[in-house]
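First up is the structure itself, then whatever we jot down about it.
In mature numbering (1 follows the signal peptide of the UniProt record, and there is no 0), the protein residues as written are -17 to -1, 1 to 561.
What follows is the structure, encoded as structure tokens:
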């Protein structure tokens, strides 16, 4: 009995001693976390704690007077992180950290430049933690190994010209003490670094040299070349992006399309007139400035074409004038018939019609016949007016009605011919636009413009800057544009050069890009590209051309009919004589 009590008391003593040791370690860890937060995190900011269930660090953080805390536990399915730059992750292992860190990265407000404090409960090798962070380009990290020694670790992928892609060693920061731990790690900057850039052939912004389209580089390539020379890094361009493919952002903040190469690590930079949208800006890094001049969508239709030759004949006078001439002809014919009852009415009508067409005819000396002279004068005046206007067609030919507004497009029931990339741009920029009955042969941007230039029954939507560069391809042989731009409310868009999230020195690169724009280098290069394209074109000079206004089939029909009437008159006259 005595031995049983002794063993029971000994077990209780060991248990309470172990609990005291655990509490002591937990208190040291909590104090260490508090000291790091007070020294390194900004006051009155919000700290996001990932999975802090049943851990004694949380009461210490909650007691901090000027800090707001958001706790995300393992039971939180959907959440939205606030705009903060401090994170605390409490983890047990490398796999556990990978899952918890993934929950941060799928939030739109996550920043790779934020400060991250990782508390690793067990004595694991911190290298696996840093490998995960390196793939997401997160460098402002301090790892607290929750052991008896409370050691602090970090890593620097920019040391020894690592360029943010590798690290050679784990940096030991010593034991927990109140000091600033998130130091600047860009000690060598990005000098001597080589970044991989994917680009689409999208002139004038990016031009593939393999196309032999220009001896100059695109605008975005030119800007990156200036910046890289200034900062001392290199860029390798690869042209492997389909310019008609548009990137969308999924609900889990993953890019679907060409920009996904930045998240998978296939590329560091992507160029090619990529539109800047809210979803993309939340998921990726971007550079604006020299290429962010405001562009907008334009509505294009075919230029009004000359009317047919037959229409030129009757379109000189309006319909009511032709109607008035017909009424005058009928009234004067009746008047002439009433005055000259002895003459056949067919002869009277034919003579009046002949005088109207300025055909010569003999008028006998009878007083009643002299009334024809008034009709001759009237016909002469009408013909002078008609022919003088008809001669002006040589310089100013009649054109079809030029569609120049949205109301005209609806009234004339023009069919849309909008390329796939433009339709996706309309959806990606949050414009409410539904395309119905789109032409099947308009999937590519070039095809949509060619279709509109050749057909008067379609319209398309195109970006202003791209059309300004391609406009000369749609001139006729005399330098006149085949495409007309409709003036309607502008839907403005912005362009950006995209980087992976966490790309170094983005603020500095942004300032350099602004300097390029303010110096006018971007506009100068754009003018250089346009001048190069215009120099390759040659236009003809319009020469005087003489042709019959009357179409040949009408002229042939009239000639055949007159020949038949002439032969018929000879036959009838011969039959009467016999």
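Glycine included, C-beta positions come from ideal geometry on N, C-alpha and C. Source: prediction; values computed, not measured.
For residue i, the first and last residue of its enclosing beta strand (DSSP E)
{"i": "residue 220", "result": "217 to 224"}
{"i": "residue 177", "result": "177 to 183"}
{"i": "residue 128", "result": "124 to 128"}
{"i": "residue 236", "result": "Unbroken run through residue 236: none, as it is neither H nor E."}
{"i": "residue 98", "result": "98 to 103"}
{"i": "residue 136", "result": "134 to 138"}
{"i": "residue 155", "result": "153 to 158"}
{"i": "residue 254", "result": "252 to 258"}
{"i": "residue 72", "result": "69 to 74"}
Beta-carbon proximity list for residue i, same chain, < 6 Å, skipping 5 on both sides
{"i": "residue 99", "result": "70, 124"}
{"i": "residue 91", "result": "265"}
{"i": "residue 6", "result": "At residue 6 the pLDDT is 36, less than 50, meaning the model places this residue with poor confidence; the figure from the coordinates comes in the next sentence. There are no such residues."}
{"i": "residue 542", "result": "none"}
{"i": "residue 384", "result": "none"}
Same chain, Cβ closer than 8 Å to residue i, five either side skipped, listed in chain order
{"i": "residue 207", "result": "180, 218, 252, 254, 480"}
{"i": "residue 83", "result": "33, 34, 72, 74"}
{"i": "residue 85", "result": "none"}
{"i": "residue 129", "result": "8, 12, 102, 103, 104, 105"}
{"i": "residue 119", "result": "84, 88, 95, 484, 485"}
{"i": "residue 388", "result": "469, 470, 471"}
{"i": "residue 294", "result": "381"}
{"i": "residue 197", "result": "186, 190, 512, 515, 516"}
{"i": "residue 548", "result": "none"}
{"i": "residue 554", "result": "none"}
{"i": "residue 557", "result": "none"}
Sub-8 Å separation of residue i and residue j beta-carbons
{"i": "residue 386", "j": "residue 284", "result": "yes"}
{"i": "residue 457", "j": "residue 466", "result": "yes"}
{"i": "residue 478", "j": "residue 267", "result": "no"}
{"i": "residue 269", "j": "residue 24", "result": "no"}
{"i": "residue 515", "j": "residue 205", "result": "no"}
{"i": "residue 336", "j": "residue 358", "result": "no"}
{"i": "residue 116", "j": "residue 19", "result": "no"}
{"i": "residue 210", "j": "residue 504", "result": "no"}
{"i": "residue 401", "j": "residue 431", "result": "yes"}
{"i": "residue 216", "j": "residue 153", "result": "no"}
{"i": "residue 169", "j": "residue 449", "result": "no"}
{"i": "residue 81", "j": "residue 495", "result": "no"}
{"i": "residue 112", "j": "residue 77", "result": "yes"}
{"i": "residue 133", "j": "residue 127", "result": "yes"}
{"i": "residue 444", "j": "residue 544", "result": "no"}
{"i": "residue 474", "j": "residue 280", "result": "yes"}
{"i": "residue 310", "j": "residue 354", "result": "no"}
{"i": "residue 454", "j": "residue 464", "result": "yes"}
Contact belief for residue i with residue j at Cβ below 8 Å, rounded distance in angstroms
{"i": "residue 331", "j": "residue 316", "result": "7 Å"}
{"i": "residue 476", "j": "residue 278", "result": "5 Å"}
{"i": "residue 288", "j": "residue 423", "result": "Their Cβ separation, rounded to whole angstroms, is 24 Å, which puts residue 288 and residue 423 out of contact at 8 Å."}
{"i": "residue 434", "j": "residue 441", "result": "6 Å"}
{"i": "residue 420", "j": "residue 447", "result": "Contact flag wrong, Cβ pair sits at about 25 Å."}
{"i": "residue 144", "j": "residue 175", "result": "5 Å"}
{"i": "residue 509", "j": "residue 202", "result": "6 Å"}
{"i": "residue 597", "j": "residue 136", "result": "The shown model of the chain, from -17 to 561, leaves out residue 597, and the question about it has no answer."}
{"i": "residue 308", "j": "residue 365", "result": "7 Å"}
{"i": "residue 184", "j": "residue 194", "result": "6 Å"}
{"i": "residue 229", "j": "residue 428", "result": "Wrong, their Cβ atoms sit about 11 Å apart, outside the cutoff."}
{"i": "residue 162", "j": "residue 22", "result": "7 Å"}
Residue i: first and last residue of the uninterrupted alpha helix (DSSP H) it sits in
{"i": "residue 381", "result": "From DSSP, residue 381 is part of no alpha helix (DSSP H); its letter is neither H nor E."}
{"i": "residue 437", "result": "428 to 437"}
{"i": "residue 244", "result": "243 to 247"}
{"i": "residue 202", "result": "202 to 214"}
{"i": "residue 512", "result": "504 to 518"}
{"i": "residue 500", "result": "489 to 501"}
{"i": "residue 113", "result": "110 to 118"}
{"i": "residue 389", "result": "389 to 394"}
{"i": "residue 87", "result": "77 to 88"}
Neighbourhood of residue i by C-beta distance below 7 Å, restricted to the same chain and skipping five residues each side
{"i": "residue 328", "result": "320"}
{"i": "residue 97", "result": "68, 69, 70, 123"}
{"i": "residue 232", "result": "238, 262, 263, 266"}
{"i": "residue 403", "result": "227, 426"}
{"i": "residue 140", "result": "117, 122, 147, 148, 149, 150"}
{"i": "residue 250", "result": "179, 180, 181, 244"}
is_contact[residue i, chain B] using C-beta, thresh 8 Å
{"i": "residue 427", "result": "No chain B is present in this structure, which holds just one protein chain."}
ask   = Where are the beta strand (DSSP E) runs, 3 residues long or more, that stay fully inside the segment 261 to 340, in chain order?
value = Within the segment 261 to 340, the runs of beta strand (DSSP E) that reach at least 3 residues and sit entirely inside it are, in chain order, 268 to 270, 278 to 285.
message = Please give me, in chain order, every unbroken run of the alpha helix (DSSP H) with length at least 4 that falls completely inside the segment 443 to 484.
response = If we require 4 residues or more, the alpha helix (DSSP H) runs fully inside the segment 443 to 484 come out as 447 to 453.
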